[in-house]
Amino acid sequence: MTPADPVPAPQPTSLARSWAIQRRVIWALVLREIPSRYGRHNIGFLWLFVEPMIFTLAVTALWTATRSVHGSSLPIVAFAITGYSSVLLWRNMPNRAIGALAPNLSLFYHRNVRPIDIYLSRLLLEAAGATTSFVFLVVFFCSIGWLEPPEYILQIVFGWIMLACFGFDLSAFFGALSERFELVAKLLQPTAYILCPLSGAAFLVDALPTEGQKYVLLLPKVLGVEYIREEFFGSQIVAHYDMGYMALCNLALTLLGLAEVAKTSREVIPE
Amino acid sequence: MRIAANPLFVLLVIVPTVLAILYYGLFASDVYVSQSQFVVRSPDKPSTTGLGVLLKSVGFSSSGDEIFVAQKFVQSRDALKALNEGNYIRQTYTSPSISVFDRFNALGFGNTFEDLYNYFRKRVGVEHDTTSAITTLSVRAYTAQDAQKINRRLLEMSEALVNRLNNRGQADLLGNAQREANDAEAAARSASRALGAFRQRSGIVDPERQASVQLQLVSKLQDELIGARLQLQQLESIAPENPQIPQLRTRIAGLTRSIDLEGSRVAGGQGSLSAAAVQYQRLSLDREYADKRLTAALAALQQARNDSRQQQAYVERIVEPNLPDEAEEPRRWRGILSVVILGLVAYGIMSMLLAGVREHRD
Chain F
1 MTPADPVPAP QPTSLARSWA IQRRVIWALV LREIPSRYGR HNIGFLWLFV EPMIFTLAVT
61 ALWTATRSVH GSSLPIVAFA ITGYSSVLLW RNMPNRAIGA LAPNLSLFYH RNVRPIDIYL
121 SRLLLEAAGA TTSFVFLVVF FCSIGWLEPP EYILQIVFGW IMLACFGFDL SAFFGALSER
181 FELVAKLLQP TAYILCPLSG AAFLVDALPT EGQKYVLLLP KVLGVEYIRE EFFGSQIVAH
241 YDMGYMALCN LALTLLGLAE VAKTSREVIP E
Chain P
1001 MRIAANPLFV LLVIVPTVLA ILYYGLFASD VYVSQSQFVV RSPDKPSTTG LGVLLKSVGF
1061 SSSGDEIFVA QKFVQSRDAL KALNEGNYIR QTYTSPSISV FDRFNALGFG NTFEDLYNYF
1121 RKRVGVEHDT TSAITTLSVR AYTAQDAQKI NRRLLEMSEA LVNRLNNRGQ ADLLGNAQRE
1181 ANDAEAAARS ASRALGAFRQ RSGIVDPERQ ASVQLQLVSK LQDELIGARL QLQQLESIAP
1241 ENPQIPQLRT RIAGLTRSID LEGSRVAGGQ GSLSAAAVQY QRLSLDREYA DKRLTAALAA
1301 LQQARNDSRQ QQAYVERIVE PNLPDEAEEP RRWRGILSVV ILGLVAYGIM SMLLAGVREH
1361 RD
């Protein structure tokens, strides 16, 4: 990248050095992504977390207003925030990942910009937005007393990271796959819609019939939401989760996702 | 030789696999699992809705509360405390025959009761199947006898607990009914005593009935009076000198006096029946009410007695704790295999991540 070294250096770059370069590339891509996505006018990059926040708030308001429909004594605010923040976390990520390479094809002329960097920068941005909105909303509702402050922050952090990992892997996998098979991009939207009600955002596993619980708990997403919810609701609900299983799912998905990204990155041709 | 050259593969696959083989092959102690199954039954409570009647079969159904009581108790500190009498649990699980990796408190720190509780809880499993209502209790120990013994003791203690809850509930139920019956009996007794005292004092048994008798008497006297007056009028007009006339006059005067007297006994005046009737009504109402209350209380007591004979939740063993003759766990091959697979997955992820990083060059 630096013009100081015009001759291609044959000596191998150390891993630490490569990692430093990759970090710089990703950071640069993130910085580039923000204005290209949100523009510079009005609140600019603040949209990053204002957008998901508005969505979550709207759903929270709607659910609070129609509380009779749910007819339970659970705090609706906590229910909506945990549910919808996590939906945002994993639903927007695949959307951002699909077709992520096409607008950035010209960037691949730089040797050090790889498809994985594009995916990572986009997904990191998405995760950062969702996380900021989640944290902000939780702090806000805690401070006005609509939400009980959670007891163990670490459990929430861990659950959130697991959910984010899941979103990452899923997005990287489908994003890379969609570069090679256009059908994936078309099928992802309907699939996401079908999975949305099943994502654990709008129900508690404990409220389901026992027979159904078994199958719902196969979805890693639900486990993560339940895990986070346990902390917010304390003993008011019986949470069902198996983080070991979720970790296994995440591992498998990571493997698939990385393999797919590697394959795509070999095939991608700069414009 | 290429494998040995790849440090990542060695670190993530070879080393864990060797460790797993060492652990599962040499160190891991045999775990014996003793299982028992039971249901907690209680009589059917009459359900009110039509659907409930349709859905529930007649007779017994698994009880909601008691099953959770038994389940929670098995995994409680109280259960462990009772089991650990004479340090039995502690000694069982710290026996030197158990490998260092599986023993309780192998390293010498963390010997508190809480530590023991955390250790023990992992070795007692309770699973409740909501469709069949059967609870499976499994205990893991490092000898077959211990596993069976602990399982049996836990089962016995749960039974004792459910029985204790039963007895308590029954005692409450019966005690309340008995107390109510005693109260009602005392009230009935005092009401009827008050009525008796009133009768004795006033010399009246039943003012209303007596009043009607009295009124009959008065009307009879009035009949006679009218008859006597008519006779007098007849005689006076036909034969004014008849010697019967003064006699009739005396009779009429006597009848009039009698009527006044008898009439005043019914109403008006101090000792009249109508004055007594007010008090009598009150007392008899009291007695009637007390009688009814007593009847109801006695019926309730009888019902409570019947219920207490029937309404018993109890632990019913389906499968007695077994004495395993073979160590079921650890599943050595499975353990080694899963370590190998996990290692390979981790290796795949790491190598791809690193390859991704390495694509960035100066």
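The listed protein sequences correspond, in order, to chains F and P. The first sequence begins at 1 in my numbering and counts up one residue at a time. The second sequence begins at 1001 in my numbering and counts up one residue at a time. From the three backbone atoms N, C-alpha and C, an ideal C-beta is built for every residue, glycine too.
Check                                                                                                                    : Outcome
Sequence-distant residues of its chain with Cβ nearer than 6 Å to F/Ser178 (five each side left out)                     : Ile98, Val184 and Ala185
Supposed close pair P/Val1319, P/Gln1035 - CB separation, criterion 8 Å                                                  : 7 Å
7 Å Cβ cutoff, F/Ala65 in contact with chain P                                                                           : no
F/Tyr109 versus F/Arg17 - alpha carbon distance                                                                          : 21 Å
Length of the line joining the Cα atoms of P/Arg1090 and P/Arg1331                                                       : 25 Å
Euclidean distance between Cα positions of F/Ile21 and F/Ser121                                                          : 14 Å
Spatial neighbours of F/Glu231 in its chain, beta-carbon cut-off 7 Å, leaving aside the 5 residues before and after      : Pro150, Glu151, Tyr152, Gln155 and Ile156
Identified DSSP bridge partners for P/His1128                                                                            : P/Thr1135
Where the beta strand (DSSP E) through P/Arg1317 begins and ends                                                         : Tyr1314 to Val1319
Chain P within 7 Å of F/Asn250, Cβ atoms only                                                                            : no
Residues from the stretch 1134-1166 of chain P in contact with chain F, defined by Cβ distance under 7 Å                 : none
Buried versus exposed, by CB contacts within 10 Å (16 or more), P/Arg1179                                                : exposed
Close beta carbons around P/Pro1207, own chain, < 8 Å, minus the five adjacent residues each side                        : Leu1273, Ser1274, Ala1276, Ala1277 and Tyr1280
DSSP three-state assignment for F/Phe203, whether helix, strand or coil                                                  : coil
Chain F contacts made by the stretch 1302-1327 of chain P, where a contact means CB separation under 9 Å                 : none
Within 8 Å of chain P by C-beta, residues of the stretch 15-39 of chain F in sequence order                              : Leu15, Arg17, Ser18, Trp19, Ile21, Gln22 and Val25
Chain P contacts from the stretch 218-250 of chain F (Cβ-Cβ distance under 9 Å)                                          : Leu248
Length of the line joining the Cα atoms of P/Asp1030 and F/Val261                                                        : 44 Å
Helix, strand or coil at P/Gln1035 according to DSSP, with G and I counted as helix                                      : strand
Backbone CA spacing between P/Ala965 and P/Tyr1289 [nearest angstrom]                                                    : This structure cannot settle anything about residue 965 of chain P, because the visible part of chain P is limited to 1001 through 1362.
Counted within 10 angstroms of its Cβ, other Cβ atoms place P/Ser1212 as buried (16 or more) or exposed                  : exposed
CB-CB length for P/Val1126 against P/Gln1037, believed under 8 Å                                                         : Between P/Gln1037 and P/Val1126 the Cβ distance is about 11 Å, and since that is not below 8 Å, they are no contact.
Cβ-based burial, F/Tyr245 [other Cβ within 10 Å; buried from 16]                                                         : exposed
Residue nearest to F/Trp47 in terms of C-alpha spacing, selected from F/Gly129, F/Trp90 and F/Leu107                     : F/Gly129
Beta strand (DSSP E) runs contained entirely in the stretch 1134-1183 of chain P, provided each spans 3 or more residues : 1134-1141
Residue from F/Tyr84, F/Phe181 and F/Ile76 whose Cα sits closest to the Cα of F/Thr131                                   : F/Tyr84
Per DSSP, the bridge partner or partners of P/Glu1329                                                                    : P/Val1031
Under 7 Å from the C-beta of F/Ala100: neighbouring residues of chain P                                                  : Simply none; closest approach about 15 Å.
Range covered by the alpha helix (DSSP H) that runs through P/Leu1080                                                    : Arg1077 to Leu1083
Cβ contact check for the stretch 239-255 of chain F and the stretch 222-230 of chain F: 3 or more pairs under 8 Å        : yes
Which of helix, strand or coil DSSP assigns to P/Ile1041                                                                 : According to the sequence shown, residue 1041 of chain P is Arg rather than Ile. Residue state, collapsed to three classes: strand.
Beta carbon of P/Val1033 nearer than 7 Å to that of P/Glu1328                                                            : yes
Buried versus exposed call for F/Leu105 [16 or more other C-beta atoms within 10 Å across all chains shown]              : exposed
Short Cβ contact (7 Å threshold) for F/Thr264 with F/Ala176                                                              : yes
Residue-chain proximity (F/Ala262, chain P), Cβ-Cβ < 7 Å                                                                 : yes
Neighbour-count burial assignment, P/Ser1338, 16 or more Cβ in a 10 Å radius                                             : exposed
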